[in-house]
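Number of protein chains: 2
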Amino acid sequence: LGEQASQRAEQVNGELAALTYGALVRQLVVDYEDPGEVNVQLERLGYNIGLRLADDFLARSGAPPCRRFVETSEVIARVAFRMYLGVSARVASVAEDGSAYSVVFEENPLADFVEMPTALRDQLWFSNLLCGAIRGALEMVQYVVSVSFVRDVLRGDAYNEIRVALREQRYERAPPDEEL
Amino acid sequence: LGEQASQRAEQVNGELAALTYGALVRQLVVDYEDPGEVNVQLERLGYNIGLRLADDFLARSGAPPCRRFVETSEVIARVAFRMYLGVSARVASVAEDGSAYSVVFEENPLADFVEMPTALRDQLWFSNLLCGAIRGALEMVQYVVSVSFVRDVLRGDAYNEIRVALREQRYERAPPDEEL
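Sequence order for the protein chains is D and S.
Throughout, the working numbering is defined as the position within the first sequence, counted from one, plus 1000.
Throughout, the working numbering is defined as the position within the second sequence, counted from one, plus 1000.
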């Protein structure tokens, strides 16, 4: 599904994309100094990107609607990661009540060529834009979530892990005009 | 040539790449205010990216060495644009002595989804990172150039045009060890 969809879209070379993303992170590090604030800003930028990508994703991916929150996990891991980053991810550590899950992946094209300065290594979540993008996209389908990295290969972890937790499910109401 | 090479590389979705690049430009606009300074900064970031990409490009593209400066035009327009941006470009307006040329292209994946505020429209060269990348990459093969946008679809031009002009050709000397 993701494979097919990714064939249809314009593609940009991963190395150019990674270096461009690295330039963005570096600029924010210069601007904000505090790595914690850089994490916040990256998440915020990603959130806006997620809001923008959601419609396009629904149109192009052919992914079925997710009636239960937990179903979004497979769509993100298997379809969206393949489609946008060209890598595979998998779902892990699903909460018993289905209200939280992890997206786990080894390869992270955004983090290619990154040498993290020691001073930042334990504080900066370099790819935090991805968390924001997931949050923004899920909000477009009425799931208010919090999203954060819990493991990052750049910090010496064996794999990357992003935790997604449901905070609130909104129920779409038809706009007033259509209620007639 | 570029087509084949681009198949082998990791690819990132063009929309994600465009939105990430847009976030970088917006951040610089906030930081520097003066659009002229944003142009300078984008070119500088691109230059560093070009320095990084050159080796990879030579290894993966299979492009022949350019013995004359003018030969770099076709490699950039036909191979590098395809490989890194996934779009076709062509060479135009080659100077009689071969010391300058234009790279012309219609589609610019970096500029997708951009709505340029009127205040910036005539001053910002939104995709100026590309100029820096070309300058950096050419410097790695001993051509010191100046590179600038002269037309941009975002400004209402019919196509995008980047002008590349040779300033100095350096001659590579083998490092001392190998001169023996």
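By construction, the Cβ of each residue, glycine as well, lies at the ideal position given by its N, Cα and C atoms.
Assignment of Y1143 (chain S) by DSSP, reduced to helix, strand and coil, places it in the strand class.
Around the C-beta of T1118 (chain S), fewer than 16 other C-beta atoms lie within 10 Å, and the residue is accordingly described as exposed. The three-state reading of DSSP puts V1025 (chain D) in helix, counting H, G and I together.
Think of a sphere of 7 Å around the beta carbon of T1118 (chain D): no beta carbon from chain S falls inside it, the nearest being about 21 Å out.
Take the alpha-carbon of Y1171 (chain S) and the one of V1150 (chain S): they are about 29 Å apart. Shown here, Y1101 (chain S) sits in a strand according to DSSP, grouped into three states. A1137 (chain D) is outside the set of residues whose beta carbon lies under 8 Å from a beta carbon in chain S.
Residue range 1035–1061 is occupied by the alpha helix (DSSP H) that includes A1054 (chain D), with no beta strand (DSSP E) assigned at that position. Residue range 1160–1169 is occupied by the beta strand (DSSP E) that includes L1166 (chain D).
Per DSSP, R1121 (chain D) is one residue of the alpha helix (DSSP H) stretching across 1118–1121. Fewer than three Cβ pairs drawn from the segment 1089–1102 of chain S and the segment 1126–1133 of chain S lie within less than 8 Å of each other, which leaves the two stretches out of contact.
Around the beta carbon of G1136 (chain D), 16 or more other beta carbons lie within 10 angstroms, which makes this residue buried. Counting along the chain, the unbroken beta strand (DSSP E) around R1090 (chain D) starts and ends at 1090–1092. A check of alpha carbon separations from Y1143 (chain D) across D:A1054, D:V1030, D:P1109 identifies D:A1054 as the nearest. Neighbours of P1035 (chain S) in chain D, taken as residues at a C-beta separation under 9 Å, are lacking, since the least C-beta distance is about 16 Å. In this chain, the alpha helix (DSSP H) harbouring Y1084 (chain D) covers 1081–1085. Membership of N1013 (chain D) in the beta strand (DSSP E) is indicated by the continuous run 1011–1013.
Each residue's CA atom was taken as its position, placing E1033 (chain D) and G1156 (chain D) some 23 Å apart. E1107 (chain S) and V1075 (chain S) do not touch by the CB rule: their CB atoms are close to 19 Å apart, not below 8 Å. Look at the beta carbons and you see the segment 1027–1042 of chain D not touching the segment 1057–1069 of chain S: under three pairs across the two are nearer than 8 Å. By the Cβ-count criterion, Q1011 (chain S) is buried, with 16 or more other Cβ atoms from all chains shown falling within 10 Å of its own Cβ. Sixteen is the threshold: when 16 or more other Cβ atoms of the shown chains lie within 10 Å of the Cβ of R1082 (chain S), as they do, the residue is buried. Checking the DSSP bridge columns, you'll see R1151 (chain S) partnered with S:E1161. For E1074 (chain S), the enclosing alpha helix (DSSP H) starts and ends at 1071–1074. Residues of the segment 1007–1026 of chain D with a Cβ closer than 7 Å to any Cβ of chain S, in chain order: A1009, E1010, Q1011, V1012, N1013, G1014, E1015, L1016, A1017, L1019, T1020, Y1021, A1023, L1024.
DSSP places G1156 (chain S) in the coil class of the three-state scheme, outside both helix and strand.
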